[in-house]
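Chemist: Mind having a look at this structure? Questions to follow.
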Amino acid sequence: MSAHLPMLELDRLWKTYDTPKGPATIVKNFNLKLKEGEFATLIGHSGCGKSTVLMMVAGLSDLSQGNMILAGREASGPGPDRGIVFQSPCLLPWMTAFENVMLGVNQVYFTASKAERRQMAEYYLTIVGLGDAMHKHPGELSQGMRQRVGIARAFALQPKMLLLDEPFGMLDSLTRYELQEVLLELWRRNRITTLMVTHDVDEAIFLSDRVVMMTDGPEAEVGDILKIPFERPRNRKQIMEDPRYYELREHLISFLNDKSHIRPSREPAFKPSPDMAAELAAHAFPFPTAAA
Amino acid sequence: MPLIEIKGASKGFGPPGNRTEVLKNINLSVEEGEFVVIVGYSGSGKSTLINLISGLVKPDTGEALIEGKKITEPGPDRGLVFQNYSLLPWLNVEENIALAVDEVFKDWTPEQRKAHVAKYIAMVKLTPAAHKLPKELSGGMRQRVSVARTLAMQPKVLLMDEPLSALDALTRAQLQDEIADIWLNNKTTVIWITNDPDEAILVADKVIPLLPTSPATLGEPMIVNIERPRDRKAINHDDRFKKLRTQLITTLLDAKGRTKVKASVKIALPDILPEDLSYVNSLQFMNRTGPKRRSDKNREDVEVAA
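Those protein sequences? They're chains X and W, same order as listed. The numbering of the first sequence is the numbering used here, which starts it at 13 and goes up by one. The numbering of the second sequence is the numbering used here, which starts it at 932 and goes up by one.
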């Protein structure tokens, strides 16, 4: 793949459902380009359509309108080139953690030897910290450990894109911090382009390169984009002590508290932030003013 | 004299030889009217700690005192709120609360007790639901019943063991504010256990981290000097909040990091790449026997004249 093309390009994505009262638009005119190796987060209130966008990228939900280009090709339907981690890890309860990971590994590496496939699953399970527990069944693992299996399973397929749908939403805050470190550790070794959905402001800042803020649904659109300037590898303590950290946090929190109802496409006075203007320029897409 | 005091308490479980020490050398002192929150990881011994105070667990060494007297068994002077509400499913809201009130205030007239129950139902804003059964209530409403039942006993100290952990974020935020308000009006002493650092700073006067060393120990208390009532939106912009939050989270993470066992394992990532399964039926596998490899990318095809 040539270096200047984006890994994922979402071009004027719409999601509309037919209802007895006429069509209901959930996501409206959603544009986003992700570079190869970029980690982007979608943040917004519950029910704003974040997960709908993610499920469209995953191929689990059809596009009503618009185009989606993944690694230079029009993508449709789900496939192993996009690894997904859901809020609950969805492991098969009668298989061990190792067997759960092997399920996908056996599919996408079917030309490799059995030893190499096993090594693949062991490698990723060890890095997520399950070296000693990989032959346990999900029932014997804690919620946090199960989600580690889910993350290892997604990475072991070496997908072109990783899609994370509130992967730590069910965990308590301290376990969440630990798993964020695990995720970053894997990501440091293999920088897969990632799109994550969350409503945790701190998680978005700690993990991502760019945070895409979505307006309230229905007819959700991109409300603002924020670049996270911290160097990688990231250290939580250093980041929390960085004066910029609380500036970024305030930006996101004040968006969620006070500005998420503003629809840029209908607000004549709306001025995009520099990061958002750059994204719009990358689309060669004139800013949708109210007149348009 | 502090209301609650724990002196050098340790606690472990299991038979000799296969024993897990959970808490070690716990020293805690809580003044009357104080709102203390203890924050720690799941499984680090928080519930054991609160059970030392409630009297459900006895320390192996050291002692737990209430008003200078040794705690030996549970009693109505210490009200407990559990994560799972613990309501009797066949009794409605009013009857669940009356159960506790009738037990504690035996010498009151029935009218007094009824008025007392009604007062606490009103305090947690459940008057319209007073005759509903627990199964007809949402999780947040059930936890309010549990809080009302405990407060109605007028305990000297309210012990809350992760009271809001089973609730969704919005309901949790609402109940945090409500409980903080109720506390502001009653000034009952509260010891609250949680695993959420933000929740801790939002509601507490004093936050104490429970450090996940093995066995766990209490860290330095942090005093939260932010005026009440606290506004959960405005507090995010408060410098004292930011400072405490950083301090608390890094203390907990540092302690966790120190306990990590550093073992080095040799593992290698096999040099194989995933196959493109959307083209399985094409000819892409014809010209090779093994998998695609990362190292292949560095190889070149060179045509050599025969």
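We put the beta carbon where it would ideally sit given N, CA and C, even for glycine. Just so it is clear, the structure is predicted and the values come from calculations on it, not from any experiment.
Tell me where the alpha helix (DSSP H) around V970/W begins and ends.
Modeler: Run containing V970/W: none in the alpha helix (DSSP H); it sits in the beta strand (DSSP E), F966 to V970.
Chemist: Nearest to K45/X by alpha carbon, out of E128/X, H263/X, D212/X and V234/X?
Modeler: Here the closest residue by C-alpha is V234/X.
Chemist: Given a limit of 8 Å on CB to CB distance, which residues of the region 244-257 of chain X reach chain W?
Modeler: The residues in question are R248, K249, M252 and E253.
Chemist: Indicate whether at least one CB of chain W lies closer than 8 Å to the CB of V120/X.
Modeler: Taking Cβ atoms only, chain W reaches closer than 8 Å to V120/X, which makes this a yes.
Chemist: Using the beta-carbon of each residue, which ones in chain W are nearer than 8 Å to S76/X?
Modeler: Near S76/X there are no residues of chain W at all, since even the closest Cβ is about 23 Å away, more than 8 Å.
Chemist: List the residues of chain W that A124/X touches, going by C-beta distances under 8 Å, in chain order.
Modeler: Within chain W, the residues near A124/X are P1201, I1203, G1221 and P1222.
Chemist: Can you confirm whether G229/X, when its beta carbon is compared against all beta carbons of chain W, has any partner nearer than 8 Å?
Modeler: Not one chain W Cβ lies under 8 Å of G229/X.
Chemist: Have a look at R138/X and S272/X and give me their C-alpha separation to the nearest angstrom.
Modeler: Note on identity: in this sequence residue 138/X is Thr, with Arg being the wrong assignment. Computed Cα separation, rounded: 41 Å.
Chemist: Where does the unbroken beta strand (DSSP E) through Y121/X begin, and where does it stop?
Modeler: Careful: Y121/X lies outside any beta strand (DSSP E) and carries neither H nor E.
Chemist: Quick check: the region 1083-1102 of chain W against the region 938-953 of chain W, are at least 3 beta-carbon pairs closer than 8 Å?
Modeler: The region 938-953 of chain W is not in contact with the region 1083-1102 of chain W.
Chemist: Rounded to whole angstroms, what is the Cα-Cα separation between H57/X and A232/X?
Modeler: Each residue's alpha carbon lies about 10 Å from the other.
Chemist: Where do the ends of the beta strand (DSSP E) carrying M132/X lie?
Modeler: No beta strand (DSSP E) contains M132/X, which is instead part of the alpha helix (DSSP H) from K126 to I139.
Chemist: Given a limit of 8 Å on CB to CB distance, which residues of the region 130-141 of chain X reach chain B?
Modeler: In summary, chain B is missing from the structure at hand, where the protein chains are X and W.
Chemist: Give a single yes or no on whether V968/W has its beta carbon closer than 7 Å to a heavy atom of the ligand COA.
Modeler: Among the ligands in the structure shown, none appear at all, so the ligand COA cannot be discussed.
Chemist: Excluding the five sequence neighbours on either side, which residues of its own chain have a C-beta within less than 6 Å of the C-beta of F180/X, listed in chain order?
Modeler: Once the five neighbours on either side are set aside, the close Cβ partners of F180/X are R188 and L191.
Chemist: If you draw a straight line from the C-alpha of V194/X to the C-alpha of K1223/W, how long is it?
Modeler: Going by the C-alpha atoms only, they are around 28 Å apart.
Chemist: Chain W partners of Y189/X, CB-CB under 7 Å?
Modeler: What Y189/X touches in chain W: L1184.
Chemist: In chain W, which residues lie with their C-beta within 7 Å of the C-beta of N269/X?
Modeler: Near N269/X (Cβ distances below 7 Å), the residues of chain W are K1164.
Chemist: Going residue by residue through the region 1086-1137 of chain W, where are the continuous beta strand (DSSP E) segments of at least 3 residues, counting only ones entirely within it?
Modeler: Whole beta strand (DSSP E) segments, 3+ residues: 1088-1092 and 1120-1125.
Chemist: For a contact meaning CB atoms closer than 8 Å, what does L54/X contact in chain W?
Modeler: The premise fails here: L54/X is roughly 17 Å from chain W at the closest Cβ pair, so nothing lies under 8 Å.
Chemist: Can you tell which of D236/X, V39/X, L186/X and M68/X has its C-alpha closest to the C-alpha of I1180/W?
Modeler: Nearest C-alpha to I1180/W: L186/X.
Chemist: Between the alpha carbons of L996/W and I937/W, how many angstroms are there, rounded?
Modeler: Approximately 6 Å between the Cα atoms of the pair.
Chemist: Checking 8 Å against the spacing of the C-beta atoms, do N1126/W and D184/X come in under that value?
Modeler: Yes, the Cβ-Cβ distance between N1126/W and D184/X is below 8 Å.
Chemist: Comparing alpha-carbon positions, which option in K1174/W, P990/W and K1037/W lies nearest V1155/W?
Modeler: Residue K1174/W is the option with its Cα nearest to V1155/W.
Chemist: Tell me whether M67/X sits in a helix, a strand or coil according to DSSP, three-state version.
Modeler: M67/X falls in the helix class under three-state DSSP.
Chemist: Give the DSSP-derived three-state secondary structure of A1061/W in the structure shown.
Modeler: Reduced to three states, the DSSP call for A1061/W is coil.
Chemist: Using CA coordinates, which residue listed in V1235/W, L1011/W, L1149/W and E1234/W is at the minimum distance from G971/W?
Modeler: When each option's Cα is compared against that of G971/W, the closest is L1149/W.
Chemist: Please state the DSSP three-state secondary structure of T301/X.
Modeler: Residue placement at T301/X is flagged as unreliable, the pLDDT there being 46, under the threshold of 50; the coordinate-derived value follows with that caveat. In this structure, T301/X counts as coil in the three-state DSSP scheme.
Chemist: By the 10 Å Cβ neighbour count, where 16 or more other Cβ atoms means buried, how is D1136/W classified, buried or exposed?
Modeler: By the neighbour-count rule (16 or more Cβ atoms within 10 Å), D1136/W is buried.
Chemist: Measure the alpha-carbon distance for W1114/W versus V988/W and round it to whole angstroms.
Modeler: Cα to Cα, the separation comes out at about 27 Å.
Chemist: If we ignore side chains and look at the alpha-carbon of each, how far apart do T205/X and K249/X end up?
Modeler: In a straight line, the C-alpha of T205/X is about 25 Å away from that of K249/X.
Chemist: Nearest-angstrom Cα distance between R1219/W and P1201/W?
Modeler: Cα to Cα, R1219/W sits roughly 18 Å from P1201/W.
Chemist: Starting from the C-beta of Q99/X, find all residues in its chain whose C-beta is less than 8 Å away, skip the five residues before and the five after it, and write them out in chain order.
Modeler: Counting only Cβ-Cβ distances below 8 Å, and skipping sequence neighbours, we find D177, E178, P179, G181 and M182.
Chemist: Whose C-beta lies closer than 6 Å to the C-beta of Q77/X among residues of the same chain, with five residues either side of it excluded?
Modeler: Closer than 6 Å at the Cβ level, and outside the excluded window around Q77/X, lie W26.
Chemist: I'd like to know whether the C-beta atoms of G91/X and L1082/W end up nearer to each other than 8 Å.
Modeler: Taking 8 Å as the Cβ cut-off, G91/X and L1082/W do not qualify as a contacting pair.
Chemist: Please go through the same chain and pick out, in chain order, the residues whose beta-carbon is closer than 7 Å to the beta-carbon of A304/X, but skip the five residues on each side of it.
Modeler: At A304/X the pLDDT is 40, less than 50, meaning the model places this residue with poor confidence; the figure from the coordinates comes in the next sentence. Taken in chain order, the list of residues that qualify is empty.
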